[in-house]
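> The following block contains the structure, expressed as structure tokens.
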Amino acid sequence: MRRALGIGLACAATVMALSLRGDAQGLVPGGEIFGGYSYLRSNTGAGFNANGWEGSLTGNFNRFFGLEVDLADHYNSPPVNAGFSSDFSFLFGPHFALRGNPKVTPFAHVLAGGTRGTQTPLLFLPCPVGIACQPSLAEQHETAFTTAVGGGIDVKAARFVWIRVIQADYLREQFTNNPQNDVRLSFGVVLRFSR
Numbered sequence: 000m001r002r003a004l005g006i007g008l009a010c011a012a013t014v015m016a017l018s019l020r021g022d023a024q025g026l027v028p029g030g031e032i033f034g035g036y037s038y039l040r041s042n043t044g045a046g047f048n049a050n051g052w053e054g055s056l057t058g059n060f061n062r063f064f065g066l067e068v069d070l071a072d073h074y075n076s077p078p079v080n081a082g083f084s085s086d087f088s089f090l091f092g093p094h095f096a097l098r099g100n101p102k103v104t105p106f107a108h109v110l111a112g113g114t115r116g117t118q119t120p121l122l123f124l125p126c127p128v129g130i131a132c133q134p135s136l137a138e139q140h141e142t143a144f145t146t147a148v149g150g151g152i153d154v155k156a157a158r159f160v161w162i163r164v165i166q167a168d169y170l171r172e173q174f175t176n177n178p179q180n181d182v183r184l185s186f187g188v189v190l191r192f193s194r
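The end of the sequence shown is residue 194 by numbering that gives the first Met the number 0, with every number in the run present.
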């Protein structure tokens, strides 16, 4: 987990450096920060829904191409005996934008990285005679290679503030015993840095 965090911080530093470099050359925008709500639909078993957040940082080389660092965390409460689970993803990759209209920007990205899955199933252990039992929690963790392909649409609200109306991604998480094909939908606010 510490190694993954170190890699994520290195990627974020690279993106920030690219953002400053693009800004110095007068390219618009030099960088973008996104933050907002995220919904995840997983196909694990019978499938489950999860709510959470997503944030990304994009440093642009030019008007069309940039590099993106994407972080997201989703939480769900499956049926009683399945327990609670959380998936924290850290992804990095190219970001492509079509900036033909000054008020609407469609984009696409292809990301790769990892997902740290945490699952806390409820285990009912046998009780000694005459002693009341409580369910015990046994957490399980796994980090899986993850890819994401998707895109969305940003709409201008003010000079530096845009609204991400929708972002839709397909995520493939390679967990050892349970590879997942997930759909992630997000929306929120984008802050853009220009000259």
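We put the CB at the ideal spot given by N, CA and C, even for glycine. The model shown is predicted, which means the values in this text are computed figures rather than measured ones.
Confirm, please, whether the CB-CB distance from Gly34 to Val188 is below 8 Å.
Numbered from 1 along the sequence shown, position 189 holds the residue referred to as residue 188. Numbered from 1 along the sequence shown, position 35 holds the residue referred to as residue 34. In contact: Val188 and Gly34 (Cβ atoms closer than 8 Å).
> What's the C-alpha gap between Phe159 and Arg171?
Along the sequence shown, one-based indexing puts residue 159 at 160. Along the sequence shown, one-based indexing puts residue 171 at 172. So the alpha carbons of these two residues sit roughly 33 Å apart.
> Determine the burial state of His140: buried for a count of at least 16 other Cβ atoms within 10 Å of its Cβ, exposed for fewer.
Walking along the sequence shown from the start, residue 140 turns up at place 141. Exposed: under 16 other Cβ atoms inside 10 Å.
> Could you tell me which of Arg62, Ser85 and Thr57 sits nearest to Leu110, measuring between CA atoms?
Working through the sequence shown from its first residue, we reach residue 110 at position 111. Of the listed residues, the one whose Cα sits closest to Leu110 is Thr57.
> Along the chain, where does the beta strand (DSSP E) that runs through Arg171 open and close?
As a first step, residue 171 must be located in the sequence shown, where it is residue number 172. Arg171 -> beta strand (DSSP E) spans Val160 to Glu172.
> Would you call the CB atoms of Ser41 and Gln166 closer than 8 Å?
Reading the sequence shown from its first residue, position 42 is the one you call residue 41. Reading the sequence shown from its first residue, position 167 is the one you call residue 166. It is not a contact, given that the beta carbons lie outside the stated cut-off.
> Can the beta-carbon of Gly29 be found closer than 8 Å to that of Asn59?
Numbered from 1 along the sequence shown, position 30 holds the residue referred to as residue 29. Numbered from 1 along the sequence shown, position 60 holds the residue referred to as residue 59. Yes, the Cβ-Cβ distance between Gly29 and Asn59 is below 8 Å.
> Compute the Euclidean distance between the alpha carbons of Tyr38 and Ser85, then round it to the nearest angstrom.
On the sequence shown, position 39 is the one that residue 38 refers to. On the sequence shown, position 86 is the one that residue 85 refers to. The alpha-carbon atoms of Tyr38 and Ser85 are separated by roughly 13 Å.
> Determine the closest residue to Lys102 out of Val154, His73, His108 and Thr175, with distance taken between C-alpha atoms.
Start at 1 with the first residue of the sequence shown, and residue 102 comes out as number 103. Considering only alpha carbons, the answer is Val154.
> According to DSSP, Ser85 sits in a beta bridge with which residue or residues?
Counting from 1 along the sequence shown, the entry for residue 85 is found at position 86. In the DSSP output, where bridge partners are listed per residue, Ser85 has Tyr74 and Thr117.
> Which residues bound the beta strand (DSSP E) around Leu190?
In the sequence shown, the residue the question calls residue 190 occupies position 191. Per DSSP, Leu190 belongs to the beta strand (DSSP E) from Gln179 to Phe192.
> Under the three-state reduction of DSSP, which class applies to Arg97: helix, strand or coil?
One-based indexing of the sequence shown puts residue 97 at position 98. The identity of residue 97 in the sequence shown is Leu, whereas the question assumes Arg. The answer is coil: DSSP assigns Leu97 none of H, G, I, E or B.
> If I measure Cβ to Cβ from Met0 and keep anything under 6 Å in the same chain, skipping five residues before and after, which residues do I get?
As a working note, residue 0 is residue 1 in the sequence shown. In this prediction, Met0 scores a pLDDT of 48, lower than 50, which makes its location untrustworthy; the coordinate-derived value is nonetheless stated afterwards. Cβ neighbours of Met0 beyond the five flanking positions: none.
> Just how far apart, CA to CA, sit Phe95 and Gln118?
Translated into positions along the sequence shown, residue 95 becomes position 96. Translated into positions along the sequence shown, residue 118 becomes position 119. If I take the Cα positions, the gap works out to 34 Å.
> Helix, strand or coil: how does DSSP classify Leu19 here?
Translated into positions along the sequence shown, residue 19 becomes position 20. Annotation note: pLDDT 43 at Leu19 (below 50); position unreliable, coordinate value reported separately. Note: Leu19 maps to helix in three-state DSSP.
> Closest Cβ-Cβ distance between His73 and chain D: below 8 Å?
Absent here is chain D; the protein component of the structure consists of one chain.
> Would DSSP call Gly35 helix, strand or coil?
Looking up residue 35 in the sequence shown gives position 36. Strand.
> To the nearest whole angstrom, what separates the beta carbons of Val68 and Ser55, a pair I think is in contact under 8 Å?
Walking along the sequence shown from the start, residue 68 turns up at place 69. Walking along the sequence shown from the start, residue 55 turns up at place 56. Between Ser55 and Val68 the Cβ distance is about 6 Å, and since that is below 8 Å, they are a contact.
> So what's Ala143 in DSSP terms, helix, strand or just coil?
Taking the first residue of the sequence shown as 1, we reach residue 143 at position 144. The answer is strand: DSSP assigns Ala143 an E or B state.
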